[in-house]
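Novice: Those sequence lines, one after another, are chains A and B. In terms of my numbering, the first sequence opens at residue 4 and continues consecutively. In terms of my numbering, the second sequence opens at residue 4 and continues consecutively. Even glycine gets a Cβ: it sits at the ideal position worked out from N, Cα and C. None of these values were measured; they are calculated from a predicted model. So that we are looking at the same thing, I have put the structure below in structure tokens.
Number of protein chains: 2
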Amino acid sequence: MSKSKRLMELMMTVNRMRKFTVKELAAEFNVSSRTILRDLQELSELGVPLYSEVGPHGGYQVLKERILPPIAFGVDEAVAMFFASHALRHYLSLPFEAESSSALQKFYFYMPGDVRDRIDEMKNRVDFHAHDRRQKVDCLGLLLEAAVRQRVVTIRYGSKQEDSERSIQPVGIYASNGFWYCPAYCFLRRGFRLFRCDRIRSAAFDETGIEPLDHRHVHLGNWEEFGREERIDVRIVAELSREGVQRCQGELSHVPFIAVREDGSGRLDQRVPESELPYFAKFFLGLGGEATVEGPEELVALIRKLLSELSAKYGLM
Amino acid sequence: MSKSKRLMELMMTVNRMRKFTVKELAAEFNVSSRTILRDLQELSELGVPLYSEVGPHGGYQVLKERILPPIAFGVDEAVAMFFASHALRHYLSLPFEAESSSALQKFYFYMPGDVRDRIDEMKNRVDFHAHDRRQKVDCLGLLLEAAVRQRVVTIRYGSKQEDSERSIQPVGIYASNGFWYCPAYCFLRRGFRLFRCDRIRSAAFDETGIEPLDHRHVHLGNWEEFGREERIDVRIVAELSREGVQRCQGELSHVPFIAVREDGSGRLDQRVPESELPYFAKFFLGLGGEATVEGPEELVALIRKLLSELSAKYGLM
DNA sequence: TATAATAGTGACAACCTCTGTCATTATTAC
DNA sequence: GTAATAATGACAGAGGTTGTCACTATTATA
Numbered sequence: 004m005s006k007s008k009r010l011m012e013l014m015m016t017v018n019r020m021r022k023f024t025v026k027e028l029a030a031e032f033n034v035s036s037r038t039i040l041r042d043l044q045e046l047s048e049l050g051v052p053l054y055s056e057v058g059p060h061g062g063y064q065v066l067k068e069r070i071l072p073p074i075a076f077g078v079d080e081a082v083a084m085f086f087a088s089h090a091l092r093h094y095l096s097l098p099f100e101a102e103s104s105s106a107l108q109k110f111y112f113y114m115p116g117d118v119r120d121r122i123d124e125m126k127n128r129v130d131f132h133a134h135d136r137r138q139k140v141d142c143l144g145l146l147l148e149a150a151v152r153q154r155v156v157t158i159r160y161g162s163k164q165e166d167s168e169r170s171i172q173p174v175g176i177y178a179s180n181g182f183w184y185c186p187a188y189c190f191l192r193r194g195f196r197l198f199r200c201d202r203i204r205s206a207a208f209d210e211t212g213i214e215p216l217d218h219r220h221v222h223l224g225n226w227e228e229f230g231r232e233e234r235i236d237v238r239i240v241a242e243l244s245r246e247g248v249q250r251c252q253g254e255l256s257h258v259p260f261i262a263v264r265e266d267g268s269g270r271l272d273q274r275v276p277e278s279e280l281p282y283f284a285k286f287f288l289g290l291g292g293e294a295t296v297e298g299p300e301e302l303v304a305l306i307r308k309l310l311s312e313l314s315a316k317y318g319l320m
Numbered sequence: 004m005s006k007s008k009r010l011m012e013l014m015m016t017v018n019r020m021r022k023f024t025v026k027e028l029a030a031e032f033n034v035s036s037r038t039i040l041r042d043l044q045e046l047s048e049l050g051v052p053l054y055s056e057v058g059p060h061g062g063y064q065v066l067k068e069r070i071l072p073p074i075a076f077g078v079d080e081a082v083a084m085f086f087a088s089h090a091l092r093h094y095l096s097l098p099f100e101a102e103s104s105s106a107l108q109k110f111y112f113y114m115p116g117d118v119r120d121r122i123d124e125m126k127n128r129v130d131f132h133a134h135d136r137r138q139k140v141d142c143l144g145l146l147l148e149a150a151v152r153q154r155v156v157t158i159r160y161g162s163k164q165e166d167s168e169r170s171i172q173p174v175g176i177y178a179s180n181g182f183w184y185c186p187a188y189c190f191l192r193r194g195f196r197l198f199r200c201d202r203i204r205s206a207a208f209d210e211t212g213i214e215p216l217d218h219r220h221v222h223l224g225n226w227e228e229f230g231r232e233e234r235i236d237v238r239i240v241a242e243l244s245r246e247g248v249q250r251c252q253g254e255l256s257h258v259p260f261i262a263v264r265e266d267g268s269g270r271l272d273q274r275v276p277e278s279e280l281p282y283f284a285k286f287f288l289g290l291g292g293e294a295t296v297e298g299p300e301e302l303v304a305l306i307r308k309l310l311s312e313l314s315a316k317y318g319l320m
């Protein structure tokens, strides 16, 4: 094998292995230890961050900075990755320690000229928005670590009514609509609940010895299925104007079932958990004249109640 | 310079240059043409997709698949890029032709073992949500191309009231809240307007010969500043409950100015364009009892009007 | 049709780099 | 102390690399 090829393969090999000795590599590549030593020095000069320790159980290591081997990317692929990563700048807080901007700069810098040109062209023309939030969330890394390692976390949580202390076992974290959310098993409520990370005032791994539950099979994709047996559905029916249809499609978090007519108006007919009726009452109120709720009766009653409260507040009755 | 180093640099060089001849490279690297030919063949064997043409104006080219040279990434950097790109799967439509998933697979495949482990651990535990939408948008690529190349596009647009045909010159496109938006200069209204891409029923480059305007200085970051001279601000003041504060922070698209008190309640005091008062009237109505609007008088009047309409509709008066 | 520009191949000798071996030093765990 | 490991230097020989030259093939252009 020629030296150049050996160097390339060596680069990949040392990246694959956490730890290795010169002897091992010499055996693997069928060359002498002396040669491997010289090769490793050359890799070092090429930028691979090697670190060595002498003595028994010593050996070589690659430091946490790894070399990504040469990868063939199509222009569009590289561009897509670039803008996806670029979108992370909208997040004030990320669960990763490193700033993604450094990775982005490297990526950009090493890109072939025409890809870079393409990116430059598009730089101010494409974006994946996220709501910009001022609030910084410090606990993301801890929550993620807890989710990965199945650990219990004690948090102080500011819910709608008041602050409370509780122990949770996170399922994971996700960003949505500019906020970070953490679904977790709540030992207080004995069930899965959704927490908003910016309302977590403080968080730390549990020290009181609460035994973690085995929730390795629960993840972001399926946690909602667990512990929701008490859910009762009611059927909402509402008549929507053209604008009402558009706002429902835009603002409801789950894609609503709406039969849309030729002229753009439509009719919503959807089952929702009974517990969410207060939310929908306010939602349809916010649509003003664009929506007319026909059922269920409880929902209409809630809307009437809100209406009279508001009428009183604004001096109409 | 040693052969290995020359090969590495050669790889970067050919990636940087669109087109090149053997002679040029020979001059640049101070070696003979024969050597460069041998090197290029070796690069070819290593996977760089080279293509050559003989004759005058011939030469070498690298095909559109480019080789990304070795890059040193920290674990966190690679992880961040991975998840950012992973988030693109939420988008049914993207302005890039390539599927980002192919890039992601390559990226993942070539990653050092421990980085891959780290990603696997986190795979179902971190996510950047985007509202999942059923609608597919076909015109994204065209709009983006038009924005980059300063071209005029003729669209059929379904606005709040009705469908209409108009010529626009896109500024760019961005995804927000699950929808794609396209700010553009509208030749019909003679000003910049925001279009929602899924409401663009059809789009094509203009054929009627409308002269594009020079809007190269207008981009996603500043387009709102152009052509908004008629804007009149009014000052909204509202008292908010704890929940009201949270909903305002979550749902208003611009970060609102809210003075938050110890107990979580707060007071909003913000200037907004007068034209948006109808929107805010409905918004505050949707907050129900969590908000009490104190001013301006026009806003309160709008709310009262909505209230009495709704009261009539729901049989309260 | 001739000419020039380009890629591509083969051969060969000179040169230089790479490789293995050996000797040696330094460090550290056990 | 001993064994395991990295690190360095010297040297000779093997083998790879390079430049030159001669030649072929293709193609745009005058």
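Hey, how far is the Cα of Val151 (chain A) from the Cα of Arg128 (chain B)?
Specialist: On the first sequence, position 148 is the one that residue 151 (chain A) refers to. On the second sequence, position 125 is the one that residue 128 (chain B) refers to. Approximately 7 Å, taken between the alpha carbons.
Novice: Determine the extent of the alpha helix (DSSP H) in which Glu242 (chain A) is found, giving its start and end residues.
Specialist: Here residue 242 (chain A) is taken as the residue at index 239 of the first sequence, counted from 1. Looking at the DSSP string, Glu242 (chain A) is not in any alpha helix (DSSP H); the run it does join, the beta strand (DSSP E), is Asp236 to Leu243.
Novice: Going by CA-CA distance only, name the one from A:Gln108, A:Val57, A:Pro98 and A:Ala83 that's closest to Leu97 (chain B).
Specialist: To locate residue 97 (chain B), count along the second sequence from 1; it is residue 94. Ranking A:Gln108, A:Val57, A:Pro98 and A:Ala83 by Cα distance to Leu97 (chain B) puts A:Ala83 first.
Novice: Determine the closest residue to Ile122 (chain A) out of A:His132, A:Gln108 and A:Leu290, with distance taken between C-alpha atoms.
Specialist: Numbered from 1 along the first sequence, position 119 holds the residue referred to as residue 122 (chain A). Of the candidates A:His132, A:Gln108 and A:Leu290, the one whose C-alpha sits nearest the C-alpha of Ile122 (chain A) is A:Gln108.
Novice: Do you know offhand how far Tyr282 (chain B)'s Cα is from Ile239 (chain B)'s?
Specialist: Counting from one through the second sequence, the residue named residue 282 (chain B) turns up at place 279. Counting from one through the second sequence, the residue named residue 239 (chain B) turns up at place 236. Their Cα atoms are separated by approximately 12 Å.
Novice: Pull up the DSSP beta-bridge partners for Ala207 (chain B), would you.
Specialist: Reading the second sequence from its first residue, position 204 is the one you call residue 207 (chain B). In DSSP, Ala207 (chain B) forms a bridge with B:Thr157.
Novice: Skipping 5 residues on each side, what residues in its chain have a beta carbon closer than 6 Å to that of Arg274 (chain B)?
Specialist: Here residue 274 (chain B) corresponds to residue number 271 of the second sequence, with the count starting at 1. Asp236 and Arg238.
Novice: Among the candidates A:Gln44, A:Ser105 and A:Pro186, whose CA atom is the shortest distance from the CA of His222 (chain A)?
Specialist: What you label residue 222 (chain A) is simply residue 219 of the first sequence in a count that begins at 1. The shortest C-alpha separation from His222 (chain A) is found at A:Pro186.
Novice: Asp217 (chain B) lies in the alpha helix (DSSP H); which residues open and close that run?
Specialist: One-based indexing of the second sequence puts residue 217 (chain B) at position 214. It is not in any alpha helix (DSSP H) - Asp217 (chain B) carries neither H nor E in the DSSP assignment.
Novice: With 16 as the cutoff for other CB atoms within 10 Å, does Lys22 (chain A) come out buried or exposed?
Specialist: Here residue 22 (chain A) refers to the residue found at position 19 of the first sequence. Answer is exposed; the Cβ neighbour count stays below 16.
Novice: Less than 8 Å between the CB atoms is what I'm expecting for Leu49 (chain B) and Val65 (chain B), so what's the real figure, rounded?
Specialist: Here residue 49 (chain B) corresponds to residue number 46 of the second sequence, with the count starting at 1. Here residue 65 (chain B) corresponds to residue number 62 of the second sequence, with the count starting at 1. Between Val65 (chain B) and Leu49 (chain B) the Cβ distance is about 13 Å, and since that is not below 8 Å, they are no contact.
Novice: Can you name the residues of chain B whose CB is closer than 8 Å to the CB of Ser7 (chain A)?
Specialist: Taking the first residue of the first sequence as 1, we reach residue 7 (chain A) at position 4. Those within 8 Å of Ser7 (chain A) in chain B are Lys6, Ser7, Leu10 and Glu45.
Novice: So Ala241 (chain B) packs on Glu279 (chain B), CB below 8 Å; how close in whole Å?
Specialist: Position 238 of the second sequence holds residue 241 (chain B). Position 276 of the second sequence holds residue 279 (chain B). Actually they are not in contact, since the Cβ atoms of Ala241 (chain B) and Glu279 (chain B) sit about 14 Å apart, beyond 8 Å.
Novice: How about Ala150 (chain A): is its C-beta nearer than 9 Å to some C-beta of chain B?
Specialist: Mapped onto the first sequence, residue 150 (chain A) falls at position 147. Yes, contact with chain B.
Novice: Taking only beta-carbon atoms, is Thr295 (chain A) less than 9 Å away from chain B?
Specialist: Here residue 295 (chain A) is taken as the residue at index 292 of the first sequence, counted from 1. It does: the Cβ of Thr295 (chain A) has a partner Cβ on chain B nearer than 9 Å.
Novice: Taking the Cβ atom as the reference point for each residue, do Thr295 (chain A) and Lys316 (chain B) lie within a distance shorter than 9 Å?
Specialist: By one-based count along the first sequence, residue 295 (chain A) stands at place 292. By one-based count along the second sequence, residue 316 (chain B) stands at place 313. A contact, by the Cβ cut-off of 9 Å.
Novice: Assign Arg193 (chain A) to one of three DSSP states: helix, strand, or coil.
Specialist: Along the first sequence, read from residue 1 onward, the residue named residue 193 (chain A) stands at position 190. Coil.
Novice: Note down, in chain order, all residues in the stretch 216–232 of chain A with a beta-carbon under 7 Å from any beta-carbon belonging to chain B.
Specialist: The residues in question are His222, Leu223 and Gly224.
Novice: Specify, as a first and last residue, the run of the beta strand (DSSP E) that Ala30 (chain A) falls within.
Specialist: If you number the first sequence from 1, residue 30 (chain A) lands on position 27. First-last for Ala30 (chain A): Val25 to Phe32, but that is the alpha helix (DSSP H), not the beta strand (DSSP E).
Novice: Using 9 Å as the limit for Cβ to Cβ distance, is Ser88 (chain A) near chain B?
Specialist: Sequence index remark: in the first sequence, residue 88 (chain A) carries index 85 (1-based). Yes - at least one Cβ of chain B is within 9 Å of the one on Ser88 (chain A).
Novice: Looking at the C-beta of Phe32 (chain A), does it have a partner C-beta in chain B at a distance below 9 Å?
Specialist: Numbered from 1 along the first sequence, position 29 holds the residue referred to as residue 32 (chain A). So, not an interface residue.
Novice: With a cut-off of 9 Å, does the C-beta of Glu27 (chain A) fall near any C-beta of chain B?
Specialist: By 1-based counting over the first sequence, the position of residue 27 (chain A) is 24. Cβ-Cβ to chain B under 9 Å: no for Glu27 (chain A).
Novice: What separation, rounded to the nearest whole angstrom, lies between the Cα atoms of Glu168 (chain B) and His89 (chain A)?
Specialist: If you number the second sequence from 1, residue 168 (chain B) lands on position 165. If you number the first sequence from 1, residue 89 (chain A) lands on position 86. Approximately 34 Å, taken between the alpha carbons.
Novice: In or out: Met11 (chain B) buried (at least 16 other Cβ within 10 Å) or exposed?
Specialist: As a position in the second sequence, residue 11 (chain B) is number 8, starting the count at 1. Its Cβ being crowded by 16 or more others within 10 Å, Met11 (chain B) is buried.
Novice: Which residues, taken in chain order from the stretch 279–307 of chain B, show a beta carbon closer than 9 Å to some beta carbon of chain A?
Specialist: So the list reads Pro281, Ala284, Lys285, Phe286, Phe287, Leu288, Gly289, Leu290, Gly291, Gly292, Glu293, Thr295, Val296, Val303, Ile306 and Arg307, given in the order they occur along the chain.
Novice: Is the CB of Ile203 (chain A) under 9 Å away from at least one CB in chain B?
Specialist: Walking along the first sequence from the start, residue 203 (chain A) turns up at place 200. Output row for Ile203 (chain A): interface = no.
Novice: By a C-beta neighbour count over all protein chains shown, 10 Å radius and 16 as the cutoff for buried, is Asn191 (chain A) buried or exposed?
Specialist: Taking the first residue of the first sequence as 1, we reach residue 191 (chain A) at position 188. The question names Asn, yet the displayed sequence has Leu at residue 191 (chain A). Result: exposed.
Novice: Using the beta-carbon count (16 or more within 10 Å), is Glu300 (chain B) buried or exposed?
Specialist: Taking the first residue of the second sequence as 1, we reach residue 300 (chain B) at position 297. Label assigned to Glu300 (chain B): exposed.
Novice: Can you give me the Cβ contacts of Phe76 (chain B) inside the same chain, cut-off strictly under 7 Å, excluding the 5 residues immediately before and after it?
Specialist: Here the question's residue 76 (chain B) lines up with position 73 in the second sequence. No residues qualify anywhere along the chain.
Novice: Please compile the residues from chain B whose C-beta is within a distance smaller than 9 Å of the C-beta of Lys109 (chain A).
Specialist: Numbered from its first residue, the first sequence carries residue 109 (chain A) at position 106. Within chain B, the residues near Lys109 (chain A) are Ile74, Ala75, Phe76 and Glu80.
Novice: Please check if any C-beta of chain B sits within less than 9 Å of the C-beta of Leu97 (chain A).
Specialist: Numbered from its first residue, the first sequence carries residue 97 (chain A) at position 94. True, the Cβ-Cβ gap to chain B drops below 9 Å.
Novice: Here's the rule I'm using: 16 or more other beta-carbon atoms within 10 Å means buried, otherwise exposed. How should Ser260 (chain A) be labelled?
Specialist: In the first sequence, counting from the first residue as 1, residue 260 (chain A) sits at position 257. Residue 260 (chain A) is actually Phe in this sequence, not Ser. That one is exposed.
Novice: Identify the contact partners of Lys22 (chain A) in chain B, using a Cβ-Cβ distance below 9 Å as the criterion.
Specialist: Numbered from its first residue, the first sequence carries residue 22 (chain A) at position 19. Result: empty, since nearest Cβ-Cβ is about 11 Å, beyond 9 Å.
Novice: From A:Arg19, A:Leu40 and A:Met20, pick the residue whose C-alpha is nearest to that of Ala29 (chain A); which is it?
Specialist: Indexing the first sequence from 1 puts residue 29 (chain A) at position 26. Checking every option, the nearest Cα to that of Ala29 (chain A) belongs to A:Leu40.
Novice: So the beta strand (DSSP E) Tyr177 (chain B) belongs to, where does it begin and stop?
Specialist: As a position in the second sequence, residue 177 (chain B) is number 174, starting the count at 1. Counting along the chain, the beta strand (DSSP E) containing Tyr177 (chain B) begins and ends at Ile176 to Ser179.
Novice: Taking the Cβ atom as the reference point for each residue, do Leu216 (chain B) and Gln172 (chain B) lie within a distance shorter than 9 Å?
Specialist: On the second sequence, position 213 is the one that residue 216 (chain B) refers to. On the second sequence, position 169 is the one that residue 172 (chain B) refers to. For Leu216 (chain B) and Gln172 (chain B), yes; Cβs fall inside 9 Å.
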